[in-house]
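Numbering (our numbering), first residue to last: 10 to 360.
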């Protein structure tokens, strides 16, 4: 276990933003993770948990307390059942399942971050969500001081949400278990229309696992969503806003605003999201509200490849980023009556 004081946190995030932590602990075993959490809780010390840092916006003043970087490692594959330590690099884990010939998470290739973060956000992309393959999450319960095994149902997964995100101060994810599929080297059925088009197949078809992964990586790279130190479009947290889910009444009002601003022929994206609810596209809202690719003149700008990514062009501060985010939120709200919600976790700051 490594301990540093007044340690920079910006290098531990994909935004490369944020001030230092009073104390930074890097834990490489579950026991070290639990020991650090217990120590912080028993002394009343504020605790910030960091995995891959791909979903964090840390304030410029940093974090007064203990930052715990989970760097545990461990992969156990038994048949089609996979267990990952929380600190395992997610992109590497996806690559290994594809090499092994197991389907279920191949379309989640290229997503930065750690395995332990995936159930918290119910990470999803290109027609797959981790909630469809996670069977159990092993977590330390900070309220009871016990290590628990939570079933899929007990995780209370929903769109980019879970019980872990609902109450972020209670559980610390230690390990995640998945049930994958042996489909003779083929992917899970392709669900996402863009992926199907890129593959030249119909939704519901299966393709070779490696082909599915490579296609998703190309799609993500084209949007600046695959980390590249030389490409400032990837100095981001990926999608900065979640796709809004609207009630029927809200969607009707939204369509009226669309017609008013864009004309009667304009048709907003609409996807079923459960009874009486419709999901629309945050990227579409941002673009149609006037915030196009590359928007901005300062050190924080919208990606030149994707309107949903806010980026650090190299010299930005967290306040620069938040100023841009607030401008986008206000513009979309004024135009369409929808308030966007940030996807990354904010530390010491808020929109």
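For glycine and all other residues, C-beta sits at the position ideal for the given N, C-alpha and C.
{"Query": "Neighbourhood of residue 205 by C-beta, 8 Å cutoff - its chain only, sequence neighbours within 5 removed", "Result": "199, 211, 212 and 214"}
{"Query": "Residue environment, residue 234, which counts as buried when at least 16 other CB atoms sit within 10 Å", "Result": "buried"}
{"Query": "Sub-7 Å separation of residue 288 and residue 252 beta-carbons", "Result": "yes"}
{"Query": "Residue 154 versus residue 183 - alpha carbon distance", "Result": "14 Å"}
{"Query": "Between the CA atoms of residue 280 and residue 171 - distance to the nearest angstrom", "Result": "21 Å"}
{"Query": "Cβ-based neighbour list, residue 119, same chain, cut-off 7 Å, excluding 5 preceding and 5 following", "Result": "100, 225, 226, 229, 234 and 235"}
{"Query": "Boundaries of the alpha helix (DSSP H) in which residue 223 is found, first to last residue", "Result": "218-231"}
{"Query": "Where residue 319 sits in the DSSP three-state scheme", "Result": "strand"}
{"Query": "CB of residue 93 within 7 Å of CB of residue 189, strictly", "Result": "no"}
{"Query": "Coil, strand or helix - residue 105 by DSSP", "Result": "helix"}
{"Query": "Whether residue 358 touches residue 68 by CB criterion (7 Å)", "Result": "yes"}
{"Query": "Three-pair Cβ contact test at 8 Å for the stretch 255-274 versus the stretch 35-44", "Result": "no"}
{"Query": "Alpha helix (DSSP H) segment containing residue 49, residue limits", "Result": "39-52"}
{"Query": "Cα-Cα separation between residue 125 and residue 82, rounded to whole angstroms", "Result": "11 Å"}
{"Query": "Same chain, Cβ closer than 6 Å to residue 254, five either side skipped, listed in chain order", "Result": "282, 286 and 288"}
{"Query": "Whether residue 330 touches residue 248 by CB criterion (7 Å)", "Result": "no"}
{"Query": "Length-filtered (3 minimum) beta strand (DSSP E) runs lying within the stretch 157-197", "Result": "180-188"}
{"Query": "Residues that DSSP places opposite residue 13 in a beta bridge", "Result": "33"}
{"Query": "Coil, strand or helix - residue 205 by DSSP", "Result": "helix"}
{"Query": "Residues near residue 150 in its chain [Cβ-Cβ closer than 7 Å; skip 5 each side]", "Result": "157, 179 and 180"}
{"Query": "Environment of residue 15 [buried if 16+ CB atoms lie within 10 Å]", "Result": "exposed"}
{"Query": "Range of the contiguous alpha helix (DSSP H) that encloses residue 340", "Result": "327-345"}
{"Query": "Rounded C-alpha distance that separates residue 152 from residue 127", "Result": "22 Å"}
{"Query": "DSSP-derived helix/strand/coil call for residue 24", "Result": "coil"}
{"Query": "Proximal residues to residue 107 (C-beta, below 7 Å), its chain only, five neighbours per side dropped", "Result": "115, 218, 219 and 222"}
{"Query": "Counted within 10 angstroms of its Cβ, other Cβ atoms place residue 310 as buried (16 or more) or exposed", "Result": "buried"}
{"Query": "Inter-residue spacing [alpha-carbon to alpha-carbon] between residue 13 and residue 31", "Result": "8 Å"}
{"Query": "Contact under 7 Å by Cβ, residue 142 with residue 96", "Result": "no"}
{"Query": "Distance between beta carbons of residue 75 and residue 34, contact taken as under 8 Å", "Result": "6 Å"}
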